[in-house]
Amino acid sequence: TFKADSGTKDVSLSLELVETDGAVTGTGTLVSTAGTFPLTATGTYDSPRLSLLLTTPGFDPVSLVALVDETEMTGTIGGGGFKNEAFSLQRE
């Protein structure tokens, strides 16, 4: 489980991911001033690189590319209103 609260934007993202033989699936929640939105995640993991497509009903898909280590993932998020913005999520 990864979670972050942005210090500069009113956005919180949490993801719970499962990896099996490089295939990643999971669920999550995005909380913003516009509301709370459930996410579905699908993608690939080739250590340390993670690529995900995050989908929410009624919204454009969001792509997430990150490097993952024991305590966090850092990368960029684009689409669905995000413009390839940097992020860091802490492992819980």
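Positions in the sequence shown are counted from 1; adding 14 to them yields this note's numbering. By construction, the Cβ of each residue, glycine as well, lies at the ideal position given by its N, Cα and C atoms.
Beta-carbon separation (whole angstroms), residue i vs residue j, contact threshold 8 angstroms
{"i": "P75", "j": "G93", "result": "6 angstroms"}
{"i": "A55", "j": "G40", "result": "4 angstroms"}
{"i": "T69", "j": "L53", "result": "7 angstroms"}
Own chain, CB closer than 7 angstroms to residue i, minus 5 neighbours either side, in chain order
{"i": "G89", "result": "L78, V79, A80, L81 and F101"}
Other residues of its chain near residue i: CB distance less than 6 angstroms, five sequence neighbours each side excluded
{"i": "F73", "result": "G94"}
{"i": "V25", "result": "S46"}
{"i": "F51", "result": "L44 and T70"}
Straight-line Cα distance separating residue j from residue i
{"i": "E106", "j": "V38", "result": "18 angstroms"}
{"i": "E91", "j": "P71", "result": "The amino acid occupying residue 91 in the given sequence is Ile; Glu does not appear at that position. Computed Cα separation, rounded: 18 angstroms."}
{"i": "L27", "j": "N98", "result": "15 angstroms"}
{"i": "L103", "j": "Y59", "result": "16 angstroms"}
{"i": "D83", "j": "F96", "result": "23 angstroms"}
Cutoff 8 angstroms; reference residue i; Cβ partners in own chain excluding five residues on either side
{"i": "V32", "result": "V38, T39 and G40"}
{"i": "G21", "result": "Low per-residue confidence applies at G21: pLDDT is 48, beneath 50, and the placement is therefore not dependable enough to give any value."}
Item to check | Whole beta strand (DSSP E) elements within the region 30 to 102, 3-residue minimum | outcome: 37 to 46, 49 to 60, 63 to 69, 76 to 82 and 86 to 93
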